[in-house]
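Chains as they are written, first to last, in my numbering: chain G, 18 to 266; chain X, 18 to 266. Accompanying notes for the structure given below.
Number of protein chains: 2
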Amino acid sequence: MSPRKLTMQDPIEKTLLAAITEGRLTPGSRLSENELAKAFAVSRTKVREALTRLQSRHVVSVQPRRGWFVNIPDAAEAAEVFAARRSVEYGFLATAAPFGSTEVNALAAHMAEERRAIAQEDRAMLTCLMGDFHVRIVEQSGNRPLIEVMRNLTARTILISLRYQSNRNALASHEDHCAIFDAIAAGDMTTAAALSRDHLDDVESGLRIDIGPSSLDTLRHTLRLDQVPTGADREGTLSNDTILHDRDI
Amino acid sequence: MSPRKLTMQDPIEKTLLAAITEGRLTPGSRLSENELAKAFAVSRTKVREALTRLQSRHVVSVQPRRGWFVNIPDAAEAAEVFAARRSVEYGFLATAAPFGSTEVNALAAHMAEERRAIAQEDRAMLTCLMGDFHVRIVEQSGNRPLIEVMRNLTARTILISLRYQSNRNALASHEDHCAIFDAIAAGDMTTAAALSRDHLDDVESGLRIDIGPSSLDTLRHTLRLDQVPTGADREGTLSNDTILHDRDI
DNA sequence: GCGACATAACTTGTATGCAAGGCATGTCGC
DNA sequence: GCGACATGCCTTGCATACAAGTTATGTCGC
């Protein structure tokens with residue numbers, strides 16, 4: 018299901034994070050300690066451990082005596098996450114040595130995955146892959162702290178995009194990714210860094226931050242209708258109304 | 018005691034992190050759940066929560082049924098942390114807008130703190146401040162995700178420096194900081210970024226990675242002699258043998 | 001019918017109890 | 001004297017019990 022193995026220890030944390038990055042858990046979704054404990058056949062202690070870790074990563078939050086919820090990033094948080102990604106991704110590419118053939122091939126494999134997901138019109142897989150692209154670039158360095166940072170920021174980016182990106186355009190983003198990949202493959206890291214920075218600007222400017230917190234999502238949240246979707250209603254296809262302006266992650 | 022307020026929720030986590038950044042807890046120090054629970058007058062549950070969070074930040078680690086320990090970063094981890102800092106700090110400065118007078122003044126206040134600590138020959142405070150400099154630069158942006166990243170990386174850097182930096186030179190580092198500050202104050206962020214990157218290179222190359230894991234620290238660790246220092250033995254002064262080549266964080 | 005209040009059924013927060021395993025000490029066999 | 005083994009104390013791992021608080025429900029008064 019997941020396009021890539023998550024190198025994480027705790028299976029609960031890993032499963033929850035996978036569900037979020039794959040769009041099965043959306044911002045505002047409620048996470049019951051008891052239900053998770055039953056689902057994973059462990060005690061609440063272990064569930065709380067995993068939720069606490071995710072909380073420190075700003076992926077979930079807890080309201081005292083009320084419950085755990087998948088984070089609903091506000092506009093300020095969205096801006097900060099994008100700014101952080103600009104710094105990290107630009108800094109990484111601008112200071113990195115040109116990639117070797119092994120690393121370029123790994124990225125090329127990812128580009129093929131993106132193309133396949135586009136061809137299959139697999140919306141969930143595509144969202145996940147579009148975010149993964151940036152993680153995979155950093156992964157080629159083998160720098161674990163940096164990879165971790167990128168994973169966290171990407172997970173939060175997915176929440177942001179689920180929250181604010183009403184109509185996205187995966188194709189435009191994919192083309193940006195292709196350009197970044199080409200620069201990396203050509204060994205031109207400076208260009209890759211600049212392209213990456215501009216790409217993030219474009220994605221961010223495509224966000225509809227006017228979608229206020231009193232919109233459908235929060236209403237569903239308030240009405241407790243925000244359980245895990247039954248599946249079919251999130252399996253959207255790449256409809257024709259995705260025009261060329263907005264970008265998908 | 019701490020040169021700066023840590024914006025952290027949990028007092029246990031905050032206290033432990035402060036003790037580490039101020040050098041009262043060194044790599045290999047043992048952290049007993051029971052003792053911490055008694056010290057903070059809470060149950061082991063809360064202590065384990067805090068330790069788990071610090072574990073996910075790579076500040077402490079647990080050996081099953083043996084105990085919790087302040088992380089002893091190995092050479093590979095040290096290299097990765099420095100490389101990550103290079104990317105993040107370079108990327109931040111290279112993509113940041115020039116600082117306003119408010120931000121420059123805040124940094125100037127920090128520089129004064131560094132000078133005062135040097136004059137007072139306060140080694141512990143100085144180590145803390147030298148790491149804090151880089152955090153404070155990013156703090157001026159108000160970007161919380163990035164600040165968090167820098168705080169984590171800086172905490173790990175302090176562990177690295179306690180582990181590998183046998184004889185440090187705070188003065189050389191301070192001069193580097195002065196140069197970076199001057200560039201920022203002049204609005205030349207590009208130069209500041211380059212200086213910051215070079216500074217990290219210099220600090221890293223000053224590490225004595227040949228101090229193998231079978232050295233004094235690990236021996237003390239093995240022999241369980243690695244309790245919290247009694248105080249006096251870590252209150253070193255800036256001795257004259259700190260020559261101009263190595264740099265303090 | 002409708003509003004206010006009591007109550008019951010949830011939620012998380014925290015402490016505690018017990019299980020499982022590591023490590024040092026002491027003891028027994030030789 | 002010395003080595004192997006057993007024992008007991010220590011550690012963390014985990015589940016559970018209970019406390020505290022929030023929300024929904026039902027009921028009573030009007």
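Note that beta-carbon positions come from the ideal geometry of N, C-alpha and C, so glycine has one too.
With contacts defined as CB atoms closer than 8 Å, G/Q182 and G/L224 qualify as a contacting pair.
Per DSSP, reduced to three states, the secondary structure at X/V77 is strand. Taking every protein chain shown into account, the CB of X/P162 has 16 or more other CB atoms within 10 angstroms, so this residue is buried.
Against chain X, the beta carbon of G/R103 has neighbours under 7 Å at T112, listed in chain order. Excluding the 5 residues flanking it on each side, G/A54 has same chain C-beta neighbours closer than 8 Å at S60, R61, K63 and V64, in chain order. Closer than 7 Å at the C-beta level to chain G, one finds these residues of the segment 147 to 168 of chain X: N160, R161, P162, L163 and V166.
Taking a cut-off of 8 Å for Cβ pairs, the segment 162 to 173 of chain G and the segment 96 to 107 of chain X touch, as three or more such pairs fall below it. Taking a Cβ-Cβ threshold of 7 Å, none of the residues of chain G is close to X/R225; the smallest such distance is about 21 Å.
Residues of the segment 55 to 70 of chain X with a C-beta less than 7 Å from any C-beta of chain G: E66, T69 and R70, listed in chain order. Using beta-carbon distances, X/G108 counts as an interface residue toward chain G, with a partner under 8 Å. For X/S73, the closest Cβ of chain G is nearer than 8 Å. Listed as beta-bridge partners of G/G84 by DSSP are G/Q80.
Only buried fits X/T112, as 16 or more other CB atoms lie within 10 angstroms of its CB.
In this structure, the beta-carbon distance from G/F109 to G/S46 does not fall below 8 Å. Closest by C-alpha distance to X/E97, out of X/T174, X/D149 and X/V155, is X/T174.
Contact between the segment 125 to 136 of chain G and the segment 190 to 197 of chain G is established, with three or more Cβ pairs separated by less than 8 Å. Just so you know, the alpha carbons of X/P44 and X/N88 end up roughly 5 Å apart. The three-state reading of DSSP puts G/R225 in coil, since its state is none of H, G, I, E or B. Here X/I226 is not near X/A123, since their CB atoms are 8 Å or more apart.
If you check each beta-carbon in the segment 188 to 219 of chain X against every beta-carbon of chain G, the ones closer than 7 Å belong to R214. Going by C-alpha positions, G/V77 is about 29 Å away from X/L176.
In the three-state reduction of the DSSP assignment, G/L42 falls in the coil class. Closer than 7 Å at the C-beta level to chain G, one finds these residues of the segment 75 to 103 of chain X: E97, V98, A100, A101 and R103. Contact note: X/L170 reaches chain G through P162, using a C-beta cutoff of 8 Å and chain order. In the pairwise beta carbon analysis, the segment 139 to 154 of chain G is classified as touching the segment 30 to 42 of chain G: at least three pairs are separated by under 8 Å. Residue range R140 to E156 is occupied by the alpha helix (DSSP H) that includes X/G148. A straight line joining the alpha-carbon of X/R214 with that of X/I201 spans about 14 Å. Check the Cα spacing between X/R153 and each of X/L68, X/D205, X/F116 and X/A58: the tightest is with X/F116. A direct Cα-to-Cα measurement between G/R74 and G/G84 gives close to 17 Å. Put simply, the backbone Cα of X/K31 is about 26 Å away from that of X/Q137. Cβ neighbours of X/A210 within its own chain (closer than 6 Å, five residues either side excluded): Y107, L110 and A111. In the assembly as shown, G/S178 is a buried residue. Its beta-carbon has 16 or more other beta-carbons within 10 Å. Partner residues in the beta bridge of G/R47, as assigned by DSSP, are G/F86. Note on G/A134: 16 or more other CB atoms within 10 angstroms of its CB, so buried under the neighbour-count rule. The straight-line gap separating the alpha-carbon atoms of X/S158 and G/D139 is approximately 38 Å.
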